[in-house]
Amino acid sequence: MKTLRLHLLSAALLLLVAVSPLRAQHADAIPRDQLIEPAALHQELERHGGQAPLILQVGSRMLFDQAHIPGAEYAGPASQPAGLAALRARVESLPRNRWIVVYCGCCPWERCPNIEPAWRLLHSMGFTHVRALHITNNFGAAWVAAGYGVEK
Amino acid sequence: MPRLWPALTLAAALLPALCGGRAQAATLVGHPAPEIARADLHQTQVRLRDFRGRVVLLNFWATWCGPCRVEMPRFMQWQRQYGPRGLRVLGVSIDDSAPPVREFAAKLRVDYPIVMSDPKLGDRYGIFGVPVTFLIDRHGIIRARFDGESDPAAMERTMQKLLAAPAN
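Protein sequences, first through last, are from chains C and A.
The first sequence begins at 164 in this note's numbering and counts up by one.
The second sequence begins at 79 in this note's numbering and counts up by one.
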């Protein structure tokens with residue numbers, strides 16, 4: 164009986180977290196032609212130098228401080244109103260054809276709560292050259308493990 | 079996809095060594111777990127070394143991480159089920175501040191200690207995303223790392239093997 168109660172409690176808790184109001188905006192809602200793969204971004208950074216895109220990390224501040232793409236700035240978390248406000252403030256004065264790449268890499272792509280809100284905001288502000296860095300698993304596996312280099 | 083995680087974790091561990099990248103944290107498996115010593119959410123001092131003789135499930139997570147929130151009730155169940163055999167669960171949150179973590183932990187009634195991370199600790203453990211769960215044996219050696227949405231059966235099997243091993 165005790166074991167049954169334990170299992171019922173666990174199932175209830177699982178249901179509670181699954182329907183939590185903190186559900187992620189689905190990253191898969193971003194059109195494929197608005198994505199850029201890590202290898203492609205790395206090549207662009209190597210090639211363009213001073214004309215590289217503005218890269219904005221829109222996820223966890225702690226993960227940004229720990230390691231981020233060279234030259235990237237922090238503008239998040241995009242899953243929170245304050246983070247979206249910070250992102251808006253950063254790009255407000257930029258020409259709308261500015262090349263911008265947003266990324267997160269906090270967790271698996273389809274579970275990321277930050278990337279879609281960030282992309283959607285920039286799109287709604289009229290930016291025409293925005294790409295979301297397609298990080299399948301997390302920043303470590305997609306960028307660090309590939310040896311692309313990081314800043315702290 | 080979740081069943082591929084153990085293989086991906088091994089690949090992620092090997093790839094940096096081949097590419098000359100940041101191999102340090104990726105090769106933690108088989109090495110002593112870096113020390114963690116700090117107050118938990120209830121201001122109780124927690125030191126990883128005090129868990130010697132126990133098997134530790136060390137889980138890096140965040141309140142905004144969906145897969146993390148799904149795993150935590152399971153970890154609570156395992157703590158109750160395997161605690162008498164020596165399992166200790168320790169959560170490490172990578173949230174930017176403690177208040178949302180306290181609120182979430184209270185709502186979920188998390189009954190294992192949770193401490194807050196920092197960039198240095200995250201760097202030592204090679205945490206570039208969450209969830210990440212380490213299984214540490216009774217001698218303080220990391221024996222497994224699970225990245226992302228892991229196969230719970232595989233994690234539990236590995237944990238049971240470590241619990242079956244003697245402390246000496």
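Beta carbons: idealized from backbone N, C-alpha and C, even for Gly.
If you count every other CB in all the chains shown that lies within 10 Å of the CB of residue i, and 16 or more means buried, which is it?
i	result
residue 211/A	buried
residue 167/C	exposed
residue 236/C	exposed
residue 211/C	exposed
residue 233/A	buried
residue 184/C	At residue 184/C the pLDDT is 41, less than 50, meaning the model places this residue with poor confidence; the figure from the coordinates comes in the next sentence. Flag for residue 184/C reads exposed.
residue 141/A	buried
residue 369/C	What the structure shows of chain C is the stretch from 164 to 315, and residue 369/C is not part of that stretch, so it cannot be assessed.
residue 220/C	buried
residue 259/C	exposed
residue 149/A	buried
residue 297/C	buried
residue 244/C	exposed
residue 235/A	exposed
residue 108/A	exposed
residue 223/C	buried
residue 195/A	buried
residue 240/C	buried
residue 163/A	exposed
residue 243/A	exposed
residue 164/C	exposed
residue 287/C	exposed
residue 89/A	Model confidence at residue 89/A stands at a pLDDT of 42, short of 50, so the residue's coordinates are unreliable; what they give is reported in the following sentence. Under this definition residue 89/A is an exposed residue.
residue 203/C	exposed
residue 184/A	exposed
residue 95/A	The predicted position of residue 95/A is uncertain, since its pLDDT is 33 and thus under 50; no value can be drawn from it.
residue 256/C	exposed
residue 304/C	buried
residue 231/A	exposed
Is residue i helix, strand or coil when you go by DSSP?
i	result
residue 220/C	strand
residue 139/A	strand
residue 103/A	Residue placement at residue 103/A is flagged as unreliable, the pLDDT there being 47, under the threshold of 50; the coordinate-derived value follows with that caveat. Of the three classes helix, strand and coil, the one that applies to residue 103/A here is helix, per DSSP.
residue 287/C	helix
residue 299/C	coil
residue 177/A	helix
residue 314/C	strand
residue 122/A	coil
residue 108/A	coil
residue 217/A	coil
residue 194/A	strand
residue 229/A	coil
residue 257/C	coil
residue 239/C	coil
residue 231/C	strand
residue 172/A	coil
residue 184/C	Here residue 184/C scores only 41 on pLDDT, less than 50, and its place in the model is too uncertain to base an answer on.
residue 206/A	coil
residue 292/C	strand
residue 193/C	coil
residue 115/A	strand
residue 223/A	strand
residue 245/A	coil
residue 265/C	strand
residue 148/A	helix
residue 188/A	coil
residue 130/A	coil
So residue i and residue j are in contact, right, with Cβ under 8 Å, and what is the actual spacing, rounded?
i	j	result
residue 169/A	residue 245/A	About 24 Å separates the two Cβ atoms, so there is no contact after all.
residue 273/C	residue 191/C	6 Å
residue 138/A	residue 230/C	With a Cβ gap of about 15 Å, residue 138/A and residue 230/C do not count as contacting.
residue 301/C	residue 226/A	7 Å
residue 261/C	residue 217/C	6 Å
residue 191/A	residue 118/A	4 Å
residue 279/C	residue 193/C	6 Å
residue 227/C	residue 263/C	With a Cβ gap of about 16 Å, residue 227/C and residue 263/C do not count as contacting.
residue 208/A	residue 143/A	5 Å
residue 263/A	residue 213/A	Given a span of 79 to 246 for chain A in the structure shown, any question on residue 263/A remains unanswerable.
residue 125/A	residue 115/A	5 Å
residue 145/A	residue 267/C	Going by Cβ atoms, the distance from residue 145/A to residue 267/C rounds to 14 Å, so no, they are not a contact pair.
For a contact meaning CB atoms closer than 9 Å, what does residue i contact in chain D?
i	result
residue 230/A	Reference to chain D is not applicable here, since the protein chains of this structure are C and A.
Contacting positions in the segment 221 to 241 of chain C - beta carbon closer than 8 Å to chain A | Listed by position along the chain: 223, 224, 225, 226, 228, 229, 230 and 240.
Is the number of C-beta pairs between the segment 240 to 251 of chain C and the segment 212 to 231 of chain A that are closer than 8 Å three or more?
-> Verdict: no, contact absent.
Does the segment 168 to 186 of chain A come within contact of the segment 303 to 315 of chain C, defined as at least 3 CB pairs closer than 8 Å?
-> No, the segment 168 to 186 of chain A does not touch the segment 303 to 315 of chain C.
Can you list, in chain order, the residues of the segment 119 to 150 of chain A whose Cβ is nearer than 8 Å to any Cβ on chain C?
-> With the criterion set as a beta carbon lying under 8 Å from some beta carbon of chain C, the members of the segment 119 to 150 of chain A are 140, 141, 142, 143, 144, 145, 146, 147, 148 and 150, in sequence order.
Going along the chain, which residues of the segment 262 to 289 of chain C sit with their C-beta nearer than 7 Å to a C-beta in chain A?
-> Going along the segment 262 to 289 of chain C in chain order, one finds 268, 269, 270, 271, 274 and 276 with a Cβ nearer than 7 Å to chain A.
Which residues, in chain order, does the segment 205 to 228 of chain A contribute to contact with chain C at a C-beta distance below 8 Å?
-> Interface annotation for the segment 205 to 228 of chain A against chain C: 205, 206, 207, 208, 209, 225, 226 and 227, criterion Cβ-Cβ distance under 8 Å.
Members of the segment 163 to 195 of chain A that neighbour chain C once the beta carbon cut-off is set at 7 Å = Considering only beta carbons, the part of the segment 163 to 195 of chain A lying closer than 7 Å to chain C consists of 172, 174, 186 and 195, in chain order.
Quick one: which residues of the segment 301 to 312 of chain C get their C-beta closer than 9 Å to a C-beta of chain A? List them in chain order.
-> Taking 9 Å as the cut-off between beta carbons, the residues of the segment 301 to 312 of chain C near chain A are 301, 302, 303, 304, 305, 306, 307, 308, 309, 310, 311 and 312, in sequence order.
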